[in-house]
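Residues in the sequence shown are numbered from 6 upward in steps of one, following the working numbering.
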Amino acid sequence: MIPPIARRFVAGESAASAMDHARELNDDGIGAILNLLGEHYDERGPADDDAQTYCSLIDEIGETDLDACISVKPSQLGLDVGEGVFRENLERIVEAAAANDAFVWMDMEDHTTTDATLDAFEAQVESYPKMGLCLQANLKRTPGDIERLAGLPGKIRLVKGAYEEPSDIAYSDKARVNEAYRENLELAFQVFDAGVAIGSHDPEMIDHAMDLHEEYGTPYEVQMLMGVREDAQRELAADGVTVYQYAPYGDKWLSYFYRRVMERKENALFALRAVLGR
Ligand code: FAD
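If you want it as structure tokens, here you go:
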């Protein structure tokens, strides 16, 4: 059972609780991106199991009128076991999505996985365009990756980047990452007709996206994590902005909860207050 303190960041352990959460979000005009927690499997079994769980979830979503989709991690689908395993599992998920007209997002993990993730996305999105890929502004290669994907169907989600990377391939200075985010966002608005997702809680980046939308007319959506700036999510949605909340669920919630609490002072204070009961 997930303790109430973790429920701020995690939608529950079961698919049913994730669907309930999606319904609540939809009531506030916010779409749901559901992510089954799990990553870095070193054998095929759990990767196949998670792929199957995603297929069942997509079928369940397809039976409703929920505005909900999924986001998958390559290492959860078996990339550490082998690229072939990852590709097979992704293909199964895309087939289930195609049968239900559902959208599939792909998360981006650390730089050792970027090529395999881009290759797999390219291979699928040509035949199933309701897909999106996450790109990371901290990686110096990202402008090139945006150009590579330009002209393909599908969306991209631009994030600042969550992984510690070597300094020769990535920016670590916060101001430089922000500058790279702005530059990449403008490039993305120029080339992705299907739309750009701003995967950020940063009001400055969201304002920048709104300016770029005015300039280029490219559709955009704001994506934020469950438990982070939820008031802003609701306000943006009420103002007519397309907002999706990335909501993780599943029994592997502990390490995710720990990561969220440790990444920001505000989150750590929230956890401390909850433990102290005030
Ligand atoms: P930060 O630079 O952390 O913060 C900038 C500003 O945002 C702050 O000054 C504050 O004003 C506001 N803010 C941020 N957090 C809070 C908070 N807790 N409370 C109040 N205000 C806050 N990373 C990957 O590497 N791969 C992925 O696939 C990936 N997918 C993601 C999907 C989504 C939907 C989101 C939102 C993020 C994802 N990330 C991913 C994580 C991302 O790379 C960043 O690590 C994370 O979003 C923090 O950066 P930020 O842009 O939100 O802003």
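All residues carry an ideal CB built from backbone N, CA and C; glycine is no exception.
Remember, predicted model here, so these are calculated numbers, not experimental data.
For E188, the enclosing alpha helix (DSSP H) stretches over residues 179-196. DSSP lists no beta-bridge partner residue for C60. Separation of the CB atoms of V201 and T223 is rounded to 6 Å, and the pair is thereby assigned contact status at 8 Å. Under the DSSP assignment, R28 falls in the alpha helix (DSSP H) whose first and last residues are 20-32. For the pair L157 and E127, the CB atoms are nearer than the 8 Å cut-off. The segment 89-96 makes no contact with the segment 131-138, as fewer than three CB pairs between them are under 8 Å.
The bridge partners DSSP lists for K160 are G137.
Collapsing the DSSP output to three states places Y46 in coil. Residue environment: K165 is assigned as buried (16 or more neighbouring CB atoms within 10 Å of its CB, all protein chains considered). In the three-state reduction of the DSSP assignment, L39 falls in the strand class, which pools E and B.
Between G43 and K257 the beta-carbon gap is near 5 Å, inside 8 Å, which marks them as a contact. By the neighbour-count definition (other C-beta atoms within 10 Å, threshold 16), G204 is a buried residue.
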